[in-house]
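Okay, so here's the structure we're looking at.
Numbering (my numbering), first residue to last: 33 to 293.
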């Protein structure tokens with residue numbers, strides 16, 4: 033076990049900090065916006081997201097480039113910044129177009145934006161020298177996604193699962209059937225609903241879609257860079273905790289950490 037560099041320690045503390053009073057207000061606004069969106073749109077978004085997320089770990093089309101080796105940290109960060117910038121621009125244009133097209137086009141933005149985000153993560157994985165075609169690497173990519181788009185409690189559990197990742201390979205499941213897709217989907221939807229559902233509103237949909245997509249991709253890219261830096265540093269903040277990545281049984285899509293015996 034090693035202590036993380038100061039900037040990584042600050043990042044870890046920030047992403048696991050409990051939400052403040054504004055979080056409750058945002059949730060109330062989220063509920064109100066949800067109420068004015070047609071149910072068929074909600075159903076279409078949910079179905080599209082589930083299909084997309086289940087394809088993430090098996091879709092060969094997401095593998096982007098060969099792992100890069102022998103680069104300095106600054107070189108990796110520069111390449112990652114370029115990749116993030118490219119996908120931010122693509123997602124922003126797509127978000128503006130779909131936001132101007134009403135409910136149907138805005139609903140279609142969800143799977144498109146998801147694919148942009150996953151492709152970015154595969155690019156960053158390769159930039160930091162990792163092979164995205166390996167199942168174990170795709171699990172790490174999914175965890176990065178969860179770190180970016182989950183509540184603080186879920187992020188803390190995911191972060192614990194990511195600590196000492198390469199040393200704990202034998203603790204992880206060998207297939208997709210054990211991954212908690214329900215929690216993944218619910219956390220993602222709950223995290224971005226407020227921003228993305230505003231994209232479905234008349235008049236403001238286009239600018240909101242462009243700005244929100246830009247910021248979501250930027251946030252994900254920054255999270256990915258920090259997650260790979262954390263992995264290279266072998267940084268943890270306490271004793272290793274084994275996280276059982278299995279479908280939830282309590283009905284709320286939550287995952288509970290289990291300490292290793």
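All C-beta atoms, glycine included, are put in the ideal place defined by N, C-alpha and C.
Determine whether the beta carbon atoms of residue i and residue j lie at a separation below 9 Å.
i	j	result
residue 244	residue 148	no
residue 265	residue 175	no
residue 153	residue 177	yes
residue 257	residue 64	no
residue 150	residue 253	no
residue 221	residue 40	no
residue 48	residue 263	no
residue 242	residue 127	yes
What residues in its chain sit with their C-beta under 8 Å from that of residue i, if we drop five residues either side in the sequence?
i	result
residue 51	183, 184
residue 201	168
Terminal residues of the continuous alpha helix (DSSP H) containing residue i?
i	result
residue 179	167-180
residue 187	184-194
residue 163	It is not in any alpha helix (DSSP H) - residue 163 carries neither H nor E in the DSSP assignment.
residue 198	Counting along the chain, residue 198 falls outside any alpha helix (DSSP H), and DSSP gives it neither H nor E.
residue 44	38-47
Which residues in the same chain have their Cβ closer than 6 Å to the Cβ of residue i, if we skip the five residues on either side of it in sequence?
i	result
residue 112	156, 159, 257
residue 120	246, 249, 250
residue 101	161
residue 219	182, 186
residue 124	242, 245, 246
Assuming the contact rule is C-beta atoms closer than 8 Å, residue i and residue j should be a hit. Round their C-beta distance to whole Å, please.
i	j	result
residue 163	residue 205	That pair is no contact at about 19 Å.
residue 172	residue 213	Not really, about 16 Å apart at Cβ, beyond 8 Å.
Got a sec? Which residues, its chain only, sit under 7 Å from residue i by beta carbon, not counting five neighbours each side?
i	result
residue 122	148
residue 97	155, 158
residue 271	Residue placement at residue 271 is poorly supported in this model, since its pLDDT is 37, which falls under 50; the coordinates still yield a value, given next. Closer than 7 Å at the Cβ level, and outside the excluded window around residue 271, lies no residue.
residue 180	251, 252, 255
residue 224	181, 248
residue 68	none
residue 42	none
Please indicate yes or no: does the CB of residue i lie closer than 8 Å to some heavy atom of the ligand SAH?
i	result
residue 45	As presented, the structure is devoid of all ligands, the ligand SAH included, so that no description of it is given.
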